[in-house]
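The sequence shown: position 5 = 40 (the UniProt record's numbering), numbered continuously.
One structure is given here, and the rest of the page talks about it.
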Amino acid sequence: GQDAPLLQVQGVRKAYGGLEAVSGVDLGLIEGRITGLIGPNGAGKTTLLNVISGVERATAGRIQFLGDEIGSLPQHRLAARGLVRTFQISRELGQLTVLENLLLARASQTGEGLISVFARPGRIRREEEAAIEVARSALQRVNMWRLADEPAANLSGGQKKLLELSRALMLKPRLILLDEPAAGVAPAMEEVLVATIRRLAGEGVNFLIVEHDLDVVAALCDHVYVMAAGKVLTEGPFAEVVSDARVVEAYLGLK
Ligand code: ATP
């Protein structure tokens, strides 16, 4: 319904053999808020992102997106509903241009244009003009259109992160699960990334962000969940959660 929370995670567990990476997590994401997910190494943050985005199946628990049960849907079905996870640009994708990366992100969802992206690089057919328009708009939204023809491998760390974001924008996302936007990004570009994510949030894109750099989390997130050892320790505004003694202890104890 209309008042359903954007994303509701209830009692989610994910076990790998005897090891439980996520041990009963509840989250409630509210529309219009940038939510952060922090915690020490091995806390289970990436695993939780994988489970929410359909990359992996939860061992137990419920996940609802806009009021619908989504726990059993694969990644491409979730993306079609507007729930998209970003991925680092792999070495293979680095050989494609920025524009080709975006066309591929869309083709892998829709099946359109996939063959010609690879069979005839550099020669764009008329049928792809619509896809290119979507890509142009996605790149303009992150101020990367001027780099459309650049091989992705040539981009700086920060530009690669903007490319990851624009790949997600190809799928008309309602919620982007963002994995470490500041990792490998030069300090000057951090501000650009923060400003870009904030601007997109203002345009109606919601974010759940896993990030180790707490300055970036402080600058970006309206609400923060803290995980440790597979569980949520606490949640709240950044300033509140980082002064929580249990959070301080989790960071000091496990790092
Ligand atoms: P970091 O901040 O270091 O990325 P994280 O909070 O994202 O850590 P996860 O990567 O989710 O933590 O890992 C949580 C636990 O689950 C770790 O003990 C990890 O070794 C384990 N784990 C994650 N993925 C797998 C897997 N595919 N198979 C087995 N164990 C896994």
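Even glycine gets a Cβ: it sits at the ideal position worked out from N, Cα and C.
Cβ-Cβ separation between Ala263 and Ala285: approximately 4 Å, consistent with a contact (criterion under 8 Å).
Between the ligand ATP and the CB of Gly79, the shortest heavy atom gap is smaller than 7 Å. The beta-bridge partner set that DSSP reports for Glu104 consists of Gln99. Its Cα nearest to that of Leu131, the residue Leu198 stands out among Leu198, Ala274, Val57 and Phe242. With contacts defined by Cβ atoms closer than 8 Å, Val133 and Ala50 do not form a contacting pair.
For His258, the closest C-alpha among the options Val90, Glu225 and Leu249 is that of Leu249. Here DSSP, grouped into helix, strand and coil, assigns Leu139 to helix.
Leu72 sits away from Leu42, with the two beta carbons spaced by 8 Å or more. Between Val119 and the set Pro208, Pro216, Asp184 and Gly53, the nearest pair of CA atoms involves Pro208. Placement of the Cβ of Thr82 at a distance of less than 7 Å from at least one heavy atom of the ligand ATP is found. Comparing alpha carbon positions, the residue from Gly117, Leu174 and Ala39 closest to Asn136 is Leu174. Around the beta carbon of Arg181, a 10 Å sphere encloses fewer than 16 other beta carbons of the protein chains shown; the residue is thus reported as exposed.
Ala56 has its Cβ nearer than 7 Å to a heavy atom of the ligand ATP. The beta carbon of Arg171 is closer than 7 Å to those of Trp180 in its chain, skipping five residues each way along the sequence. Excluding the 5 residues flanking it on each side, Gly117 has same chain C-beta neighbours closer than 7 Å at Lys207, Pro208, Arg209 and Leu210, in chain order. Shown here, Met262 sits in a strand according to DSSP, grouped into three states. Of Gly102, Ser88 and Asp184, the smallest CA-CA separation from Leu108 is found for Ser88.
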